[in-house]
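Residue numbers (our numbering), protein chains in the order written: chain A, 1303 to 1464; chain B, 2 to 103.
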Amino acid sequence: MEPIRYVDALNNKYGAMGFPAYKWSENETAPWTALSKPLSECTVALLVSGGISHCTAPAFDPDARNDHRVDAIDPDAPTDGYQIHDSYYDHSDAGRDLNCIFPIDRLRELADAGEIGAVAARHWSGFMGRTYDRSRLTAESAPAFAENLKQDGVDLLIAVPA
Amino acid sequence: MGLVARVVEQLGIPTVNVSTGRDITALVRPPRSLFINVPMGNTFGRPGDADGQRDILRKALNFAVTADEPGALVDLPVAWGEPFEYFTGEATPEAIAKQKKK
């Protein structure tokens, strides 16, 4: 099956709703930092943008726009203690098993098996879609987020957009 | 999300983006991306399929080792097994009005 053309689909959907055309980010090059050690020694964190929050935290706005909120997620919390609020994707499966989109349990198992060094002290959920103020994202919100990763000694970030 | 990964990478931490939206990822060009042709929301597979979820996560981790150029985008040969479509969500009048206020 051919990949879904999300750019066209989203342009059509939001155009029909009367929104101005979304200027998609387009980059010709990418930054690069080489992994500094073997995976078996790496501390790994997860970041997901699928509107997932601890049940004890406020729900995400399911129709978020320009929402730079990013929550720290306790990697040892049971995976049934979460809520998902996001109208941009079908999270019915993730609602039954969070690991479909946020594989917290699977990462812990790989750490227990020694395939990675450790699970980071915090995972992360946030940076939901439709960010129009991208200069604030790249100048402020994302650098602040990276600082949190550094505090936790993270060697590798697995990012899961949704 | 891809933009966040680019900033994190620029500030010295390697990232792997696990994408279900190939065209968006190709435009944004995060440092390393795996594309999985499954419904958004099922990046790591089906509920209860721990082995399948672990396999994809393991491939993402390994891609941090094997990716060999900035902006690498590799298609994982994973089949969903049934057709799926773009998720249109619930574009209720309330949701539209709320978004327009922002």
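Note that the Cβ used here is the ideal one computed from N, Cα and C, for glycine as well.
Worksheet item: So, are the CB atoms of A:G1397 and A:C1357 less than 8 Å apart?
Response: In the first sequence, counting from the first residue as 1, residue 1397 of chain A sits at position 95. In the first sequence, counting from the first residue as 1, residue 1357 of chain A sits at position 55. Contact flag unset, no.
Worksheet item: In the segment 1375-1424 of chain A, which residue ranges form an unbroken beta strand (DSSP E) of at least 3 residues, counting only runs that do not cross its ends?
Response: 1384-1386
Fill in: Contacts that B:L40 makes with chain A (C-beta to C-beta distance below 7 Å)
For this step, residue 40 of chain B is matched to residue 39 along the second sequence. Per the sequence presented here, residue 40 of chain B reads as Pro, with Leu not at that position. Per Cβ cutoff of 7 Å: D1392.
Fill in: Between the CA atoms of B:I57 and B:A51 - distance to the nearest angstrom
Locating residue 51 of chain B in the second sequence gives position 50, where the first residue counts as 1. Locating residue 57 of chain B in the second sequence gives position 56, where the first residue counts as 1. Going by the C-alpha atoms only, they are around 10 Å apart.
Discussion item. Whole angstroms are fine: how far does the CA of B:W81 sit from the CA of B:G46?
Written reply: Within the second sequence, the letter at position 45 stands for residue 46 of chain B. Within the second sequence, the letter at position 80 stands for residue 81 of chain B. The straight-line gap from Cα to Cα measures roughly 8 Å.
Worksheet entry | Assigned secondary structure, B:R59 (DSSP; H/G/I helix, E/B strand, else coil) | Taking the second sequence and counting its residues from 1, the one referred to as residue 59 of chain B is at position 58. Correct three-state label for B:R59: helix.
Discussion item. Let me make sure I understand the geometry here. Which of B:M2, B:L4, B:G3, B:V9 has the alpha-carbon closest to that of A:K1509?
Written reply: No answer is possible for residue 1509 of chain A: it lies beyond the span of chain A, which begins at 1303 and ends at 1464.
Discussion item. For a quick check, are the C-beta atoms of A:G1419 and A:E1343 less than 8 Å apart?
Written reply: For the purposes of this step, residue 1419 of chain A is taken as the residue at position 117 of the first sequence. For the purposes of this step, residue 1343 of chain A is taken as the residue at position 41 of the first sequence. Yes, Cβ-Cβ distance for A:G1419 and A:E1343 is below 8 Å.
Item to complete: Note down, in chain order, every chain A residue with its Cβ under 8 Å from the Cβ of B:L77.
Response: Mapped onto the second sequence, residue 77 of chain B falls at position 76. Correct list: empty, because the minimum Cβ distance to chain A is about 12 Å.
Fill in: Residue from B:V75, B:G53, B:A61, B:T89 whose Cα sits closest to the Cα of B:R23
As a position in the second sequence, residue 23 of chain B is number 22, starting the count at 1. Of B:V75, B:G53, B:A61, B:T89, the residue nearest in Cα terms is B:V75.
Practice prompt. Taking B:T16 as the query, report the chain A residues whose CB atoms sit under 7 Å from its CB, ordered along the chain.
Written response: By one-based count along the second sequence, residue 16 of chain B stands at place 15. What B:T16 touches in chain A: L1459, A1461.
Worksheet entry | Contact set for A:F1362: own chain, Cβ-Cβ below 6 Å, skip 5 residues either direction | Your numbering for residue 1362 of chain A matches position 60 in the first sequence. The residues are G1353, S1355, H1387.
Worksheet item: Which residue spans inside the segment 65-94 of chain B form an unbroken beta strand (DSSP E) run of at least 3?
Response: 73-76
Discussion item. Taking the alpha carbon of A:V1350 as the reference point, which residue from A:A1318, A:A1359, A:I1406, A:D1310 has its own alpha carbon closest?
Written reply: Start at 1 with the first residue of the first sequence, and residue 1350 of chain A comes out as number 48. It is A:I1406 whose Cα lies nearest to the Cα of A:V1350.
Worksheet entry | A:C1402 beta carbon less than 8 Å from that of B:N38 | Translated into the one-based positions of the second sequence, residue 38 of chain B becomes position 37. Translated into the one-based positions of the first sequence, residue 1402 of chain A becomes position 100. No.
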